[in-house]
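Below is one structure; the comments refer to it alone.
2 protein chains.
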Amino acid sequence: MVHAQELTKNQSLVLDVLSHTEGPLSAYSLLDQLRDKGFRAPLQVYRALDKLMEFGLVHRLESINSFVACTHGHDHKHGVIAFGICDTCGRVDEFCDAVVEERLKGWSKEHAFRLSKTTIEMRGTCASCLAA
Amino acid sequence: MVHAQELTKNQSLVLDVLSHTEGPLSAYSLLDQLRDKGFRAPLQVYRALDKLMEFGLVHRLESINSFVACTHGHDHKHGVIAFGICDTCGRVDEFCDAVVEERLKGWSKEHAFRLSKTTIEMRGTCASCLAA
DNA sequence: TCACCAATGTAATAACATCACATTACCCTA
DNA sequence: TAGGGTAATGTGATGTTATTACATTGGTGA
Ligand SMILES: [Zn+2]
Ligand SMILES: [Zn+2]
Ligand SMILES: [Zn+2]
Ligand SMILES: [Zn+2]
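Protein chains in written order, with this note's numbering: chain G, 1 to 132; chain A, 1001 to 1132.
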């Protein structure tokens, strides 16, 4: 696992914005927020995001082409992660379920499928938004 | 459920290409393959895909921005669907797992999250490609 | 000093998706 | 059978997301 001190300048800047934002951001939103820090091109953001995802500090939400800071501790070892994404307010909840993981790995084993990455995303409306 | 006879011309054309293709296609690949059928613009493809997905005849693969024809029978009632996607050959396997579905719905209930759509995609390498 | 490698900067382009508006086809019914 | 309503279609422009290509910088170790 990588610690904050080991991050490069651009990686730190991107992680900082994500960490201080409630909800996911697109790469281009990140770029806009980092223009006054000297960011000029999408690739600067994408490169930082790639590394941060490799380190497990950031996750990509495939169904909305956006990114969130990991809500687990930095030393948390990720298994299969699932996300609950509120389409109304953008709130994202990250969680792990050992049973789900076991079932999906079971399918992979049965089918001799070498699993490299699993995406689980639930879209819907969160409790707060339902109440409102 | 909708039967093939009820599909419009554009919907039939799109489904036809998808059904006769091994593996997923992007919207623009579909467009290219349908140019000689009179297709001229992306929206023609996206509109047809939207309806076909509504009918449950086509699924979107979020992690690769592509679409596949459903491999279940037309009258199959979809629960939560999971996909195994081979990054080497493009093969896609669609399956349902009642336990996974129950666990994810359980999380939603616990968190008072109104679930509208669930995405489960496993990326990796299929048995054939591993053997080769 | 030099070779090497990781990180960065920049412009251009590719890939994916939607908006806005006009037109056509079809069904229902007055 | 004319008129109104709705679904489907055609078309161009635009918006959004992601990658390619190439140049430059900065440190690390022989
Ligand atoms: Zn995490
Ligand atoms: Zn919400
Ligand atoms: Zn299906
Ligand atoms: Zn394969």
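Note that beta-carbon positions come from the ideal geometry of N, C-alpha and C, so glycine has one too.
The structure displayed is predicted, hence computed values, not measured ones.
N- and C-terminal bounds of the beta strand (DSSP E) containing residue i
| i | result |
| --- | --- |
| leucine 115/G | 114 to 125 |
| serine 1066/A | 1066 to 1069 |
| glycine 84/G | 81 to 86 |
| glutamate 94/G | 92 to 96 |
| leucine 1013/A | First-last for leucine 1013/A: 1009 to 1019, but that is the alpha helix (DSSP H), not the beta strand (DSSP E). |
Under 9 Å between C-beta atoms of residue i and residue j
| i | j | result |
| --- | --- | --- |
| leucine 115/G | lysine 51/G | no |
| threonine 1071/A | glutamate 1094/A | yes |
| valine 1100/A | arginine 103/G | yes |
| glycine 1090/A | glycine 1023/A | yes |
| glycine 1056/A | histidine 1020/A | no |
Close beta carbons around residue i, own chain, < 7 Å, minus the five adjacent residues each side
| i | result |
| --- | --- |
| asparagine 65/G | Ser26 |
| leucine 49/G | Val14, Ala27, Val58 and Phe67 |
| glutamine 44/G | Asn10 |
Contact test: residue i Cβ vs ligand 3 heavy atom, cutoff 8 Å
| i | result |
| --- | --- |
| isoleucine 81/G | no |
| glutamate 1101/A | no |
| histidine 1078/A | yes |
beta-carbon residue i near ligand 1 non-hydrogen atom, thresh 8 Å
| i | result |
| --- | --- |
| glycine 1056/A | no |
| cysteine 70/G | yes |
| glutamate 94/G | yes |
| histidine 59/G | yes |
Nearest neighbour of residue i, chosen from the options [CA to CA]
| i | options | result |
| --- | --- | --- |
| threonine 118/G | His1111/A, Gly1084/A and Thr1088/A | Gly1084/A |
| serine 63/G | Arg123/G, Ser128/G, Val45/G and Ala127/G | Arg123/G |
| phenylalanine 1113/A | Lys105/G, Ser128/G, His111/G and Phe113/G | Ser128/G |
| alanine 41/G | Asn10/G, Gly23/G, Thr21/G and Pro24/G | Asn10/G |
| cysteine 1126/A | Cys126/G, Trp107/G, Glu121/G and Ile120/G | Trp107/G |
| lysine 109/G | Ala1069/A, Leu1130/A and Ile1120/A | Leu1130/A |
| valine 80/G | Ile1120/A, Lys1105/A and Gly1056/A | Ile1120/A |
| arginine 47/G | Ser12/G, Lys77/G and Leu61/G | Ser12/G |
Any non-hydrogen atom of ligand 2 closer than 8 Å to residue i Cβ
| i | result |
| --- | --- |
| arginine 91/G | yes |
| threonine 21/G | no |
| threonine 118/G | no |
| cysteine 86/G | yes |
Residue i Cβ short of 8 Å to ligand 4 heavy atom set
| i | result |
| --- | --- |
| serine 1128/A | yes |
| threonine 1125/A | yes |
Contact set for residue i: own chain, Cβ-Cβ below 8 Å, skip 5 residues either direction
| i | result |
| --- | --- |
| aspartate 87/G | Arg123, Gly124 and Thr125 |
For residue i, the first and last residue of its enclosing alpha helix (DSSP H)
| i | result |
| --- | --- |
| leucine 1030/A | 1027 to 1033 |
| histidine 61/G | First, the amino acid is wrong: residue 61/G is leucine here, not histidine. It is not in any alpha helix (DSSP H) - leucine 61/G instead sits in the beta strand (DSSP E) that spans 58 to 61. |
| alanine 48/G | 42 to 54 |
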